[in-house]
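Working notes for the structure below.
Number of protein chains: 2
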Amino acid sequence: MFKKLFHDYVSNTSKIYVDGNIHPIKVALKQIRLTNKNTINLYDTSGPYGDPNYVASTANGIPKLRTQWHSENEEFHTQMWYARNGIITPEMEYVAIRESNGDGTFTPQMVMESVKAGRAIIPSSKNHPEAEPMIIGAEYKVKINANIGNSALGSDIDEEIEKSLWAVKWGSDTVMDLSTGKNINQTREAILRNSPVPIGTVPMYQALEKVDGVIEDLNWESFRETLVEQCEQGVDYFTIHAGLLKEYVPCALNRVTGIVSRGGSIMAKWMLHHDKESFLYDNFEEICKLCAQYDVALSLGDGLRPGSTADANDEAQFGELKTLGELTKVAWKYDVQVIIEGPGHVPMDKIAENMTLQKELCHEAPFYTLGPLVCDIGAGYDHITAAIGGTMIAFLGTAMLCYVTTKEHLALPDKNDVREGVVTFKIAAHAADVAKGNKQAIAHDRAMSEARYEFRWQDQFNLSLDAERARKMHYAMVGENADHCAMCGPNFCAMRITRSIKK
Amino acid sequence: MFKKLFHDYVSNTSKIYVDGNIHPIKVALKQIRLTNKNTINLYDTSGPYGDPNYVASTANGIPKLRTQWHSENEEFHTQMWYARNGIITPEMEYVAIRESNGDGTFTPQMVMESVKAGRAIIPSSKNHPEAEPMIIGAEYKVKINANIGNSALGSDIDEEIEKSLWAVKWGSDTVMDLSTGKNINQTREAILRNSPVPIGTVPMYQALEKVDGVIEDLNWESFRETLVEQCEQGVDYFTIHAGLLKEYVPCALNRVTGIVSRGGSIMAKWMLHHDKESFLYDNFEEICKLCAQYDVALSLGDGLRPGSTADANDEAQFGELKTLGELTKVAWKYDVQVIIEGPGHVPMDKIAENMTLQKELCHEAPFYTLGPLVCDIGAGYDHITAAIGGTMIAFLGTAMLCYVTTKEHLALPDKNDVREGVVTFKIAAHAADVAKGNKQAIAHDRAMSEARYEFRWQDQFNLSLDAERARKMHYAMVGENADHCAMCGPNFCAMRITRSIKK
Numbered sequence: 004m005f006k007k008l009f010h011d012y013v014s015n016t017s018k019i020y021v022d023g024n025i026h027p028i029k030v031a032l033k034q035i036r037l038t039n040k041n042t043i044n045l046y047d048t049s050g051p052y053g054d055p056n057y058v059a060s061t062a063n064g065i066p067k068l069r070t071q072w073h074s075e076n077e078e079f080h081t082q083m084w085y086a087r088n089g090i091i092t093p094e095m096e097y098v099a100i101r102e103s104n105g106d107g108t109f110t111p112q113m114v115m116e117s118v119k120a121g122r123a124i125i126p127s128s129k130n131h132p133e134a135e136p137m138i139i140g141a142e143y144k145v146k147i148n149a150n151i152g153n154s155a156l157g158s159d160i161d162e163e164i165e166k167s168l169w170a171v172k173w174g175s176d177t178v179m180d181l182s183t184g185k186n187i188n189q190t191r192e193a194i195l196r197n198s199p200v201p202i203g204t205v206p207m208y209q210a211l212e213k214v215d216g217v218i219e220d221l222n223w224e225s226f227r228e229t230l231v232e233q234c235e236q237g238v239d240y241f242t243i244h245a246g247l248l249k250e251y252v253p254c255a256l257n258r259v260t261g262i263v264s265r266g267g268s269i270m271a272k273w274m275l276h277h278d279k280e281s282f283l284y285d286n287f288e289e290i291c292k293l294c295a296q297y298d299v300a301l302s303l304g305d306g307l308r309p310g311s312t313a314d315a316n317d318e319a320q321f322g323e324l325k326t327l328g329e330l331t332k333v334a335w336k337y338d339v340q341v342i343i344e345g346p347g348h349v350p351m352d353k354i355a356e357n358m359t360l361q362k363e364l365c366h367e368a369p370f371y372t373l374g375p376l377v378c379d380i381g382a383g384y385d386h387i388t389a390a391i392g393g394t395m396i397a398f399l400g401t402a403m404l405c406y407v408t409t410k411e412h413l414a415l416p417d418k419n420d421v422r423e424g425v426v427t428f429k430i431a432a433h434a435a436d437v438a439k440g441n442k443q444a445i446a447h448d449r450a451m452s453e454a455r456y457e458f459r460w461q462d463q464f465n466l467s468l469d470a471e472r473a474r475k476m477h478y479a480m481v482g483e484n485a486d487h488c489a490m491c492g493p494n495f496c497a498m499r500i501t502r503s504i505k506k
Numbered sequence: 004m005f006k007k008l009f010h011d012y013v014s015n016t017s018k019i020y021v022d023g024n025i026h027p028i029k030v031a032l033k034q035i036r037l038t039n040k041n042t043i044n045l046y047d048t049s050g051p052y053g054d055p056n057y058v059a060s061t062a063n064g065i066p067k068l069r070t071q072w073h074s075e076n077e078e079f080h081t082q083m084w085y086a087r088n089g090i091i092t093p094e095m096e097y098v099a100i101r102e103s104n105g106d107g108t109f110t111p112q113m114v115m116e117s118v119k120a121g122r123a124i125i126p127s128s129k130n131h132p133e134a135e136p137m138i139i140g141a142e143y144k145v146k147i148n149a150n151i152g153n154s155a156l157g158s159d160i161d162e163e164i165e166k167s168l169w170a171v172k173w174g175s176d177t178v179m180d181l182s183t184g185k186n187i188n189q190t191r192e193a194i195l196r197n198s199p200v201p202i203g204t205v206p207m208y209q210a211l212e213k214v215d216g217v218i219e220d221l222n223w224e225s226f227r228e229t230l231v232e233q234c235e236q237g238v239d240y241f242t243i244h245a246g247l248l249k250e251y252v253p254c255a256l257n258r259v260t261g262i263v264s265r266g267g268s269i270m271a272k273w274m275l276h277h278d279k280e281s282f283l284y285d286n287f288e289e290i291c292k293l294c295a296q297y298d299v300a301l302s303l304g305d306g307l308r309p310g311s312t313a314d315a316n317d318e319a320q321f322g323e324l325k326t327l328g329e330l331t332k333v334a335w336k337y338d339v340q341v342i343i344e345g346p347g348h349v350p351m352d353k354i355a356e357n358m359t360l361q362k363e364l365c366h367e368a369p370f371y372t373l374g375p376l377v378c379d380i381g382a383g384y385d386h387i388t389a390a391i392g393g394t395m396i397a398f399l400g401t402a403m404l405c406y407v408t409t410k411e412h413l414a415l416p417d418k419n420d421v422r423e424g425v426v427t428f429k430i431a432a433h434a435a436d437v438a439k440g441n442k443q444a445i446a447h448d449r450a451m452s453e454a455r456y457e458f459r460w461q462d463q464f465n466l467s468l469d470a471e472r473a474r475k476m477h478y479a480m481v482g483e484n485a486d487h488c489a490m491c492g493p494n495f496c497a498m499r500i501t502r503s504i505k506k
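Chains A and B are the protein sequences, given in the same order. Position in the first sequence counted from 1, then plus 3, gives you my numbering. Position in the second sequence counted from 1, then plus 3, gives you my numbering.
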């Protein structure tokens, strides 16, 4: 099933493996052989599935790539600890080669420096050796995350595994499993053992299931228990809404759309009921100590992100951001890697302030934003509303974008929505990369445009973010090897006329 | 057929008519009755079709709204002439009320001042009285245009009328008929007589058909003949590529993707073949004299827009822009209204320079851009690539965005692609309006968010840019009047939890 999932329609494309210089690693890249005899290497998230020789088995899981890189006697440390001690890990070398598409643009030393400073993270849990190392930081390719997960209202385990691999097929750099229904543990285990990308979760969802959905019954002990379980399973990063303090709640309640983060609303209700500060905030050092043991990265959650353009950039949102900056320093004390969550609904004129403040308050820890959605009336098209703001904020320095699907605000996404959402956000991330001067992204655009000008249709499809769709749309209208596209017909093709002038 | 086209699925929505104070006009707005007993007025492009009492007949066309506003003895002048002579026309009052949603934000005097200065245009051909007046200028709501038209490869007249009305249904503010195949004249006539929005064309396409597609045979006389025919029919604005001078061609030929404007490539080929300056440039004053007689506005075409991010902001593109600025002054001498065409493929970091230069070189004439597409590898999703850049440039001051469809670079759009393209660009335009502080747009967002927070689903659908799609997606998953959406299920709905806290 999964072989077909990844290889249908793909032609002239293979996986190549670049050897490390420092470590015995083999870095996977996608290579496209163009019809003009050139080749181009591209960043690839498909893991072993992208290799036509690989035979997948959901029951066995994928190979434990990183196990062989570390000796059993080695004391375990986080990537940040290694970086701070001047040690280049296999993971650091891997991402340097990966980000460079094998051409040496990024060096292992550069990667080590950015992890050391906290400007970038390599989410790589001790217990998720299946994942290929990847880096999240503004100096590197902008990454995207796809949320999957069943709710009480739908979907089962097999469907969720397939959805996660489907997201990965279309280029998702990480996947967050936000399941809230039954079988949370089994679903997560199955996803982890089969995922070549880092997996994130919001442990609060499972903690709440443990107390039968009664928010008032939540407590630190059972929350901690959940964290330990998920650390043991191999989750690579946790979203923890520890920055939502009791003092921010009144302001948030007076908003047009209140609190729209699930984790945020749960903690707000708990704090008001018990008239206590958040147990996530009060026990934050304990959380860090635990994460350090497994190198689980912290994604400091924005429980107070605005749910409407009217609520953007308010006191509640920026108050929490300031606290997230303080917590970053705490996590770094324990060598725990940190990213900061942001946006939601933010109009274009208020996007820059988010990025500026985040840089100022969060000590250059990477920013990870949902959208932002630049208006409120796009229901049914909110992947677009969010990609518009996402491109803008990524261009300004956000390191990872959380996708939004077509069904945002309306329903749970199906497979098609996941594909549409992921490709849309790949466009946002890529466009930001081009604007930021990323050499690999610019070369990709250029290869595509040269193929377009020379009517090399096969190459155009293969260089597109969604080769299958591009191919299908084109062939629905014209035959193979046309020297014009179907928009203008042969007599009105501007590129054809231009080429005739040059001749 | 058209009644169904416009009224399927629409509930609690009616057309209201606001009387003018100066002129005997009735300005059509859309009014939504919300389920909380409030009403909200919205800008509406649907013309008579949007009125449930109207019975359409394609053969008879729609009522000639503006005929009754002008007496037969009145000497005809352009809107710019009237504005320069301090006269507020019915068209000016109409757009003031229309832009204000009836609340007086914009006054007829303000409209007159902007038309006088050339900062805005009201495309309103003497011979297209069916069209409802609308204004294009940075001080007003950002507008969008949808291109339709058959190519040699497909579609017939009925299909084109339906496509144009379909674009209007989804909110297109103007429609450009870019037909290049057979029956150009009959198609255009049918579209004009049935269109409540201004219609634009690129007369070069028909001129080329007249010389059997042989570019070398083009000449001023037959081009002029085409202009006269189209002026007589009632086209509201012409795209004329008069700014592409011979001296700019060599630079454009050395680009990665050469010349990608159809009109541009045709003129380049003609100039090189005859070794002469463009006959559009040489006869530009004649063109202006003709347009002044009918108040056909000029959309000064960007024959050298970049077709790849690599070609953005080059000497060819900005050379032409400078010439367009000079031609603007010439047109204004004849009281001809002008907009300036721009972008194409432009990465995010190069968008602002386009807007800045356009303002500097074109004397504040409104900017009308295609996209820009912010990268080259989005084939199959280029409506999104283009909406991202479109939102950015509209926020910076572009007055009208030309939509790009899903099939851009691949094939001719069908009805579904037109809908997807129009709604996507409505999002871009609206998001820019919100960011620019447009009061009406902000109120629309707020009404939507209030409905969302109160789980008023009917209102959310009606306030969405595509009520039909939003409704369908929602109901596919949950029942009517749910107090949660299907994304999170009832126990994890953040807004539901927030509301429970407030209680």
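Glycine is no exception: its CB is placed at the ideal position from the N, C-alpha and C atoms.
- prompt: If you run the structure through DSSP and keep just helix, strand and coil, what is Asp159/A?
  reply: coil
Where His348/A falls: helix, strand or coil (DSSP): strand
- prompt: Thinking C-beta only, is Val341/A closer than 9 Å to Gly121/A?
  reply: yes
- prompt: Which residues, in order along the stretch 439-458 of chain A, keep a beta-carbon less than 7 Å from a beta-carbon of chain B?
  reply: His447, Asp448, Arg449, Met451, Ser452, Glu453, Arg455 and Tyr456
message: Assuming Asn188/A is part of the beta strand (DSSP E), what are its boundary residues?
response: Unbroken run through Asn188/A is the alpha helix (DSSP H), Ile187 to Asn197; no beta strand (DSSP E).
Residue from Met115/A, Leu327/A and Lys67/A whose Cα sits closest to the Cα of Trp84/A: Met115/A
task: Just mark Gln443/B as buried or exposed, buried being the case when its beta carbon has 16 or more other beta carbons within 10 Å.
output: buried
query: Quick one: what's got a C-beta closer than 6 Å to Cys468/A's C-beta in the same chain, skipping five residues either side?
result: The amino acid at residue 468/A is misidentified as Cys; the sequence shows Leu. The residues are Val426 and Lys429.
task: Anything in chain C within Cβ reach of Ile500/B, meaning under 7 Å, just list it in chain order.
output: Absence of chain C from the displayed structure is noted, the protein chains being A and B.
message: Looking at chain A, is there any beta carbon in it that lies within less than 9 Å of the beta carbon of Val252/B?
response: yes
- prompt: Does DSSP classify Tyr251/A as helix, strand or coil?
  reply: helix
Buried versus exposed, by CB contacts within 10 Å (16 or more), Phe79/A: exposed
task: Check each candidate in Asp54/A, Asp352/A, Ile43/A and Asp220/A and name the one with the smallest Cα separation from Ala435/B.
output: Asp352/A
query: What's the gap between the Cα of Ala479/B and the Cα of Lys67/A?
result: 40 Å
field: Own chain residues within Cβ distance below 6 Å of Asn150/A, not counting five before or after
entry: Met179 and Leu181
- prompt: How close, in whole Å, do the beta carbons of Ala432/A and Leu404/A come, if the pair is a contact with beta carbons under 8 Å?
  reply: 6 Å
- request: Run down chain A in chain order and give the residues with a C-beta less than 9 Å from the C-beta of Ile164/B.
  value: Result: empty, since nearest Cβ-Cβ is about 20 Å, beyond 9 Å.
field: Val421/B burial status per 10 Å Cβ neighbour count (16 or more: buried)
entry: buried
Beta-carbon spacing of Thr260/B, Asp298/B below 9 Å: no
message: Spatial neighbours of Thr331/B within its chain, please: C-beta separation below 8 Å, excluding the five flanking residues on both sides.
response: Gly121, Leu303, Val341, Ile343, Cys365, His366 and Ala368
Own chain, CB closer than 6 Å to Thr242/A, minus 5 neighbours either side, in chain order: Val205, Ser302 and Gly304
Enclosing beta strand (DSSP E) for Thr92/B [first to last residue]: Premise fails: Thr92/B is in no beta strand (DSSP E) and is neither H nor E.
query: If we call anything under 9 Å between Cβ atoms a contact, is Lys33/A one with Gly53/A?
result: yes
query: Are the C-beta of Thr260/A and some C-beta of chain B separated by less than 9 Å?
result: yes
query: Does DSSP put Asp180/A in a helix, a strand or coil?
result: strand
- prompt: So what's Tyr20/B in DSSP terms, helix, strand or just coil?
  reply: strand
field: Own chain partners of Lys166/B with C-beta closer than 7 Å, once the 5 adjacent residues on each side are dropped
entry: Ile151, Lys418 and Val421
- prompt: What is the DSSP secondary structure of Tyr12/B, counted as helix, strand or coil?
  reply: Note that Tyr12/B has pLDDT 47, beneath the 50 cutoff, so the model's placement of it is unreliable and the number below is only indicative. Three-state DSSP puts Tyr12/B in coil, outside helix and strand.
- prompt: Can you list, in chain order, the residues of the stretch 400-412 of chain B whose Cβ is nearer than 8 Å to any Cβ on chain A?
  reply: Thr409, Lys410, Glu411 and His412
query: Counting contacts by CB-CB distance shorter than 9 Å, is Ala210/A in contact with chain B?
result: no
field: Close beta carbons around Asp448/A, own chain, < 7 Å, minus the five adjacent residues each side
entry: Val437
Neighbourhood of Pro416/A by C-beta distance below 6 Å, restricted to the same chain and skipping five residues each side: Thr408 and Lys410
- request: Can you grab the Cα-Cα spacing for the pair Ile35/A / Leu45/A, in whole Å?
  value: 8 Å
message: Using DSSP's beta-bridge definition, name the partner residues of Ile42/A.
response: The sequence given here places Thr at residue 42/A; Ile does not occur at that position. In the DSSP output, where bridge partners are listed per residue, Thr42/A has Arg36/A.
message: Measuring CB atoms only, is the stretch 234-252 of chain B touching the stretch 196-205 of chain B, in the sense that at least three cross pairs come out at less than 8 Å?
response: yes
Chain-ordered chain B contacts of Cys234/A [CB-CB under 9 Å]: Those do not exist, as Cys234/A stays about 23 Å from chain B at its closest Cβ, beyond 9 Å.
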